[in-house]
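Asks:
Here it is as structure tokens:
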């Protein structure tokens, strides 16, 4: 089980308590009160309005307004409606959902229950990545406990509302974290994302209206219902309220999880909370939001960690996976690791993504092993450009952006690699 | 009906159609408006993965794939501006980085959409220095298809075809990313009645037919429009002709008959045109009972003598006519007129039947059974009964389909007849009992109309000429009629004139002749579909 | 019949959880793999029958996902994460050490079929790098000695 976060807030403050993962522990600290309030005292429309007003952004990487997404579910449709909890967390650098699953399954379930009430969903499928065996066990245990206590199933809490939860496991494919790739996988097929439109609210899981939300997104919901929109907005920034759990990794003294308000400066996270770079070395670059997000150089780390600020620096919050790289790091090697990942994980449908990820990886690897040529950098940038904004899903963009970011800020590493025909950073991490 | 503007041109589209479909409906796709595409096919589900058909739609920031963008009234589309061209070149360049340099040995060269679009819409030079992926080549995918995994551009047309048309689903894509490959399930080859269509729809030389492999370069072939003669569906085809030889049939699109498909058996039926069992010379049986080769005039003379003697002895009522469901309308109309002028009242048409499916394959295994019936030839059963009961002394037979089980069963019942005159294309047991044999032309060798089972009249034109003396059935009958001095027979035969005569004589054929029938065919009057011509 | 009655019952339970039968295909593949260590051709055919689809449709799903295998596997599976956060903290060096220790190259199997050593993409343990996943279980905060000891403890 993951250790509790170094810094906690309303999502994780009880994670250190031994009984908290169980339903008794969760109820002890007031768990399921918010759900009771929502189902007994609020209409579905009220709940949607509340979450909209609170300004909760999805925490799965796209940052889309959760309340707005819920409002897309059709009102006068007789088809069954579904929710999907996206627990496929596979973004390199992200491990926040894991702890929410391991220690806070009931918090997530309560959020799911409230969302189900708001959207009229009758079933939630919790899709957990196949490698998260232990977290999945924890979730299944929690679901069984919730059913036993009447928080799920027929007649939830005596309100007459019916909701079922099914836990299902992935089998090792990053693309199943993409909304419609997940739906395809849920339906027992290859996880190849769908063309949009139609969007999931119109045609989702098994063809029914569906809303897909991230684990963390659901986890904020009980707190918003219990304490209100104003309270939620007291954390974070005006455009990006609330907290999130940053997962810090790489060259820092204290890699680990930190629940902090959105808008916390990246430098604070890296130097204050995570203790900076060990051995007195200097930071070279930081990837702020999981590996799909473009890197920031040392001089731009004061940026507040919220999308409205990060976008100005040509990057995004993503899933808050903060990866710190010190001065020994060769950025060409970083590009090699990154480009291999995207090549391996492309679903293969779209020409530009399938062939582009392969080509980029081959070029980067060739540069890395000392056989690069001057023109390669232009070709690399050009291929990345050919992949952006032209495919069925955003994977191709996610594959292109990091390379663009690395070339934008660390072009010299590449130039030197080509000029010297070998890695110019003898102390860099081994490949 | 929404109106959209594409490259400044206004087009009316049907509700619910996509941009590509609207262009296709209007006959403009790649024929006035260039939106190159791979994965889209007019008769398969929308895929959206090749990304080549991207176009700019005013008001939408990202480029949209034309194959999956429904038209909306007032939509303005640009297909040839810089942004679109750049996106297209991007897709083309990326498709070529792993494509093997097989053109010199690839059958697809000359009709390859990768070649064509690279030339017209792609980049001129490759910038890739990386080795291409190495995959399986020359794979025996099944009885009819050879597969080259390296050439495949993963457009998924073949996968969708097998799932949606014959619904046999033998093909799939395994793995993911740039390790994706087309595969079959081990032990389950690509084997269905329509398997060779995958070669047509494959834009590149990944799927090619064993039959055509390495035979001839396609740029030597002339594509002659025609009709398949394998069954009464009358699938439209292009005969691929070079050196006065038909090298292959390809389906020709006709949305009212066969869409873009043809069954394998029909596609392979081109082999009957130059088959070794084609009848190649006129023959008459001499007094010793042996067949002797003769010229047409002699054959006609012998046939006329024998018939004349019989008529003088017993009257024309003992002469029966067996029409062929493979002959053209013009052949059959001439034959009908001949029999009427002769005074024969015993005639019919025999049709071989076989398996049928709910796609294209029809039970009647001939291309003009309906035409024969419309022209007045009923079931051959009545003729067969009169033959076996001894009421018939002579038979003039077009073709040998009467030998099938359930009709004559074999040629024996004809052995005792006084005279059997046979006009046929291929050899058969009938030759054993024939007194006069005349080789006739295959549909690919003459101008003629044929009526399919849906009562659509469709035209065949001469694509090749046999290198022996062969004649249309109608031509032979016309000469025979003149030799017998029959009313209305002067020995001449002009298919076009006969077609006009037929149109004037039988109401269902009104207005339909060899010139007015057109390339898509026309339905006979009184048909359910006749009011809805395209 | 290659898929046991017991596994078939579990598959039936899974099927009941989904509005459409095919939704249970991934759970079924996991179950069959739990029983046999891989999903062979015969299992694929039997699964196709259970789900009323073609064997090739089962096989294409099988081929798409990292966690499914279509051929017999080694007794123990050891995957070292070699993605970026782990690589920054020496995961690849660790992997090379383990390769030497076992005398094989990753991805690869020891000659006696005891251990398969491979690399995997991010497993969500970035703060506790380097790490590896052994027979489904996470081992985090590794150093070379600790990792070697874990390998040595894996039975025949």
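Residue numbers (this note's numbering), protein chains in the order written: chain A, 1 to 431; chain B, 1001 to 1534; chain C, 2001 to 2156. Beta carbons: idealized from backbone N, C-alpha and C, even for Gly. On a predicted model such as this, the values are computed, not experimentally measured, just so you know.
#1: Just the Cα atoms here: how many angstroms apart are residue 1363 (chain B) and residue 1233 (chain B)?
#2: State the DSSP-derived secondary structure class of residue 1217 (chain B), mapped to helix, strand or coil.
#3: Compute the Euclidean distance between the alpha carbons of residue 1388 (chain B) and residue 1470 (chain B), then round it to the nearest angstrom.
#4: For a minimum of 3 consecutive residues, which ranges assigned as the beta strand (DSSP E) are wholly contained in the segment 1158-1212 of chain B?
#5: Can you tell me whether DSSP reads residue 1487 (chain B) as helix, strand or coil?
#6: Looking at the unbroken alpha helix (DSSP H) that takes in residue 1382 (chain B), where does it start and where does it end?
#7: Ends of the alpha helix (DSSP H) at residue 307 (chain A)?
#8: Chain C beta carbons: is any one of them nearer than 8 Å to that of residue 278 (chain A)?
#9: DSSP puts residue 1228 (chain B) in a beta bridge; with which residues?
#10: Are residue 64 (chain A) and residue 55 (chain A) close, meaning C-beta to C-beta below 8 Å?
#11: If contact means a Cβ-Cβ distance below 8 Å, which residues of the segment 1139-1172 of chain B contact chain C?
#12: Contact criterion: CB-CB distance below 8 Å. Does residue 362 (chain A) meet it with respect to chain B?
#13: In its own chain, which residues sit with a C-beta less than 6 Å from the C-beta of residue 35 (chain A), not counting the 5 before and 5 after it?
#14: Using DSSP's beta-bridge definition, name the partner residues of residue 1285 (chain B).
#15: Using the three-state DSSP reduction, which class does residue 2086 (chain C) fall into: helix, strand or coil?
#16: Please list, in chain order, all residues of the same chain as residue 1330 (chain B) whose beta carbon is under 6 Å from its beta carbon, the five residues on each side excluded.
#17: Where are the beta strand (DSSP E) runs, 3 residues long or more, that stay fully inside the segment 1411-1441 of chain B, in chain order?
#18: List, in order along the chain, the chain E residues whose C-beta lies closer than 9 Å to that of residue 2067 (chain C)?
#19: Does DSSP put residue 1534 (chain B) in a helix, a strand or coil?
#20: Note the first and the last residue of the continuous beta strand (DSSP E) segment covering residue 337 (chain A).
#21: Please specify which runs of the beta strand (DSSP E), each continuous and at least 3 residues long, are wholly inside the segment 166-231 of chain A, giving them in chain order.
#22: In the DSSP assignment, what are the bridge partners of residue 1346 (chain B)?
#23: Closer than 8 Å by C-beta to residue 999 (chain B): which residues in its own chain qualify, once you throw out the five before and the five after it? Chain order, please.
#24: I'd like to know whether the C-beta of residue 187 (chain A) is nearer than 8 Å to at least one C-beta of chain C.
#25: Mind checking residue 2004 (chain C): buried by the 16 CB within 10 Å criterion, or exposed?
#26: Out of curiosity, what's the CA-to-CA distance linking residue 2046 (chain C) and residue 2072 (chain C)?
#27: When burial is assigned at 16 or more other CB atoms within 10 Å of the CB, is residue 1037 (chain B) buried or exposed?
#28: Helix, strand or coil for residue 234 (chain A)? Go by DSSP, reduced to three states.
#29: Let me know the secondary structure DSSP gives residue 422 (chain A) once reduced to three states.
#30: Output yes if chain C places a C-beta closer than 8 Å to the C-beta of residue 168 (chain A); else output no.
#31: Within the 8 Å Cβ cut-off, does residue 352 (chain A) reach chain B?
#32: Please report how far the alpha carbon of residue 988 (chain B) lies from the alpha carbon of residue 62 (chain A), in whole angstroms.
#33: One question on the structure: do residue 1207 (chain B) and residue 1145 (chain B) come within less than 8 Å of each other, judged by their Cβ atoms?
#34: Which residue wins for smallest C-alpha separation from residue 1426 (chain B), given the options B:1228, B:1314 and B:1324?
#35: For residue 160 (chain A), which of helix, strand or coil comes out of DSSP?
#36: Taking 8 Å as the CB-CB cut-off, is residue 190 (chain A) touching chain C?
Replies: Well, looking at it:
#1: Distance between the alpha carbons of residue 1363 (chain B) and residue 1233 (chain B) is about 9 Å.
#2: Coil.
#3: 31 Å
#4: 1171-1174, 1181-1184 and 1207-1209
#5: coil
#6: 1381-1388
#7: 307-310
#8: No, residue 278 (chain A) does not count as interfacial toward chain C.
#9: Beta-bridge pairing links residue 1228 (chain B) to no other residue.
#10: No, the Cβ-Cβ distance between residue 64 (chain A) and residue 55 (chain A) is not below 8 Å.
#11: 1169, 1170, 1171 and 1172
#12: yes
#13: The answer, listed in chain order, is 110, 113 and 114.
#14: Within the DSSP secondary-structure output, residue 1285 (chain B) pairs in a beta bridge with B:1291.
#15: helix
#16: 1448, 1474, 1495, 1498 and 1499
#17: 1419-1424 and 1436-1439
#18: In the structure shown, chain E does not exist; the protein chains are A, B and C.
#19: Low local confidence applies: a pLDDT of 37 at residue 1534 (chain B) is under 50, so the model's placement there is unreliable, and no value is given.
#20: No beta strand (DSSP E) contains residue 337 (chain A), which is instead part of the alpha helix (DSSP H) from 331-345.
#21: Considered as a whole, the segment 166-231 of chain A harbours 210-214 as its complete beta strand (DSSP E) runs of no fewer than 3 residues, in chain order.
#22: B:1320
#23: Examination of residue 999 (chain B) is not possible in this model, given that chain B is present from 1001 through 1534 alone.
#24: Cβ-Cβ to chain C under 8 Å: yes for residue 187 (chain A).
#25: exposed
#26: 17 Å
#27: buried
#28: DSSP places residue 234 (chain A) in coil when its eight states are reduced to three.
#29: Under the three-state reduction of DSSP, residue 422 (chain A) is assigned to coil, being neither helix nor strand.
#30: yes
#31: Yes, its Cβ sits closer than 8 Å to a Cβ of chain B.
#32: There is no way to answer for residue 988 (chain B), as the model of chain B reaches only from 1001 to 1534.
#33: yes
#34: B:1324
#35: coil
#36: yes
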